[in-house]
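Novice: All letters in the sequence shown, in the order written, are residues 665 to 728 by my numbering.
We put the beta carbon where it would ideally sit given N, CA and C, even for glycine.
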Amino acid sequence: MNARLDMLNKARDRMIEDRDEHAKVLAAPFDRDKAERARNKFVELQTLIDALDRAISAEKPASA
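1) Cβ of Leu716 within 7 Å of Cβ of Ala667?
2) His686 to Asp714, Cα distance in whole Å?
3) Quick one, which of Asp670, Asp677, Lys688 and Met671 has its alpha-carbon nearest Phe706's?
4) Measure the C-alpha to C-alpha separation of Ala728 and Glu681 and round it to an integer number of angstroms.
5) So, are the CB atoms of Leu709 and Met671 less than 7 Å apart?
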């Protein structure tokens with residue numbers, strides 16, 4: 665695995681951990697302010713994770 669791919673995978677793992685924290689807030693008893701912030705951050709992080717997934721796919725060598 666090349667260094668760039670390793671870096672992208674580490675970044676993805678970190679973003680998943682951050683996203684999970686916001687999911688916990690969304691799953692907790694409803695608090696409008698907290699839920700709204702958590703929802704926005706969750707969507708932002710998921711968009712970033714999707715972008716990292718595309719970057720990881722682009723870094724992987726094409727199979728023959």
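Specialist: If we stick to the structure as given:
1) The residue labelled residue 716 in the question sits at position 52 within the sequence shown. The residue labelled residue 667 in the question sits at position 3 within the sequence shown. The answer is no: Cβ separation not under 7 Å.
2) Taking the sequence shown and counting its residues from 1, one reaches residue 686 at position 22. Taking the sequence shown and counting its residues from 1, one reaches residue 714 at position 50. Cα-Cα distance, rounded: 17 Å.
3) Translated into positions along the sequence shown, residue 706 becomes position 42. The shortest Cα separation from Phe706 among Asp670, Asp677, Lys688 and Met671 belongs to Lys688.
4) Along the sequence shown, read from residue 1 onward, the residue named residue 728 stands at position 64. Along the sequence shown, read from residue 1 onward, the residue named residue 681 stands at position 17. Because Ala728 sits at a pLDDT of 41, beneath the cut-off of 50, its placement in the model cannot be relied upon, and the following sentence gives the value as read from the coordinates. The straight-line gap from Cα to Cα measures roughly 34 Å.
5) What you label residue 709 is simply residue 45 of the sequence shown in a count that begins at 1. What you label residue 671 is simply residue 7 of the sequence shown in a count that begins at 1. Between Leu709 and Met671, the gap from beta carbon to beta carbon reaches 7 Å or more.
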